[in-house]
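**Student:** One structure, as structure tokens, below. Some questions next.
Below, the structure written as structure tokens:
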């Protein structure tokens, strides 16, 4: 199991002042399973909570699928380079792969996913006439819907099934 990851600041609101979610969240992080295209997103108060979100994701996917995470790929941002992150991956046999910072084509899966998330959240909030502070709720809704859509990697299935059901 390979998980792609990248985090985004709340500045996704394009032209609007940055807005916290109803629960004071400032950031979100997405994780994408390479085999199933299963996407998990977490909202965060602080960017320093990325490691905690990763541990939560790792435990969740292992419990849900029965498979251990084999590797991660990230853009070598500071949030992925802490000593505790490195130690956790070493202790769990997770290979860490890095791309070059500010080269989105090298971390294409995660960067494209976040671009889709941001564009969709912007559209959802605009079309529903909801305040920008609903971005956290819109994010959770979109992640659920996205996992119910068919993908190129799974013929005849959606990520919702393989990502949720223990094999």
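Numbering (UniProt numbering), first residue to last: 1 to 167. Using N, Cα and C, we set each Cβ at its ideal position, and we do this for glycine too. In this text the structure is predicted, and so the values were computed from the model without any measurement.
Does the beta-carbon of residue 149 have 16 or more other beta-carbons within 10 angstroms, so that it is buried, or is it exposed?
**Tutor:** Residue 149 is exposed by the Cβ-count criterion.
**Student:** Once the 5 residues before and after residue 62 are set aside, which same chain residues still bring their CB inside 8 Å of it?
**Tutor:** So the qualifying residues of the chain are 68 and 69.
**Student:** Whether or not the stretch 83-93 and the stretch 113-120 are in contact is what I'm after, with contact meaning three or more pairs of Cβ atoms, one per stretch, closer than 8 Å; do they touch?
**Tutor:** Taking 8 Å as the limit for Cβ pairs, the verdict is that the stretch 83-93 does not touch the stretch 113-120.
**Student:** Residue 15 to residue 66, Cα distance in whole Å?
**Tutor:** Per-residue confidence for residue 15 stands at a pLDDT of 34, beneath the threshold of 50, marking its modelled position as unreliable; the derived number appears in the next sentence. Rounded to the nearest angstrom, the two C-alpha atoms are 43 Å apart.
**Student:** Short check: CB of residue 114 to CB of residue 30, under 8 Å?
**Tutor:** For residue 114 and residue 30, yes; Cβs fall inside 8 Å.
**Student:** Which of helix, strand or coil does DSSP assign to residue 166?
**Tutor:** Any reading at residue 166 needs caution, since the residue's pLDDT is 44, under 50, leaving its predicted position unreliable; the model's value is listed next. In this structure, residue 166 counts as coil in the three-state DSSP scheme.
**Student:** Within the same chain, show all residues whose beta-carbon is closer than 8 Å to that of residue 158, passing over the 5 residues directly before and after it, in chain order.
**Tutor:** Cβ neighbours of residue 158 beyond the five flanking positions: 147, 148, 149, 150 and 151.
**Student:** Within the stretch 45-79, note down every full alpha helix (DSSP H) run reaching 4 residues or more, in order along the chain.
**Tutor:** Whole alpha helix (DSSP H) segments, 4+ residues: 50-65.
**Student:** Provide the residue(s) that pair with residue 42 in DSSP beta bridges, ordered along the chain.
**Tutor:** In DSSP, residue 42 forms a bridge with 29.
**Student:** Using only CA atoms, which one of 38, 21, 26 and 87 lies nearest to residue 51?
**Tutor:** For the residues 38, 21, 26 and 87, the minimum Cα distance to residue 51 belongs to 87.
**Student:** Please report the straight-line C-alpha distance between residue 10 and residue 137, rounded to a whole angstrom.
**Tutor:** The predicted position of residue 10 is uncertain, since its pLDDT is 39 and thus under 50; a value taken from the coordinates is nonetheless stated next. Roughly 14 Å separates the two Cα atoms.
**Student:** Going by DSSP in three states, residue 16 sits in which element: helix, strand or coil?
**Tutor:** Note on residue 16: pLDDT 41, under 50, position unreliable in the model; no value is reported.
**Student:** Going by DSSP, what residue range makes up the beta strand (DSSP E) through residue 98?
**Tutor:** 95-98 is the span of the beta strand (DSSP E), which, as asked, contains residue 98.
**Student:** Using the Cα positions of residue 18 and residue 78, report the straight-line distance between them to the nearest angstrom.
**Tutor:** Residue 18 and residue 78: Cα-Cα distance of roughly 22 Å.
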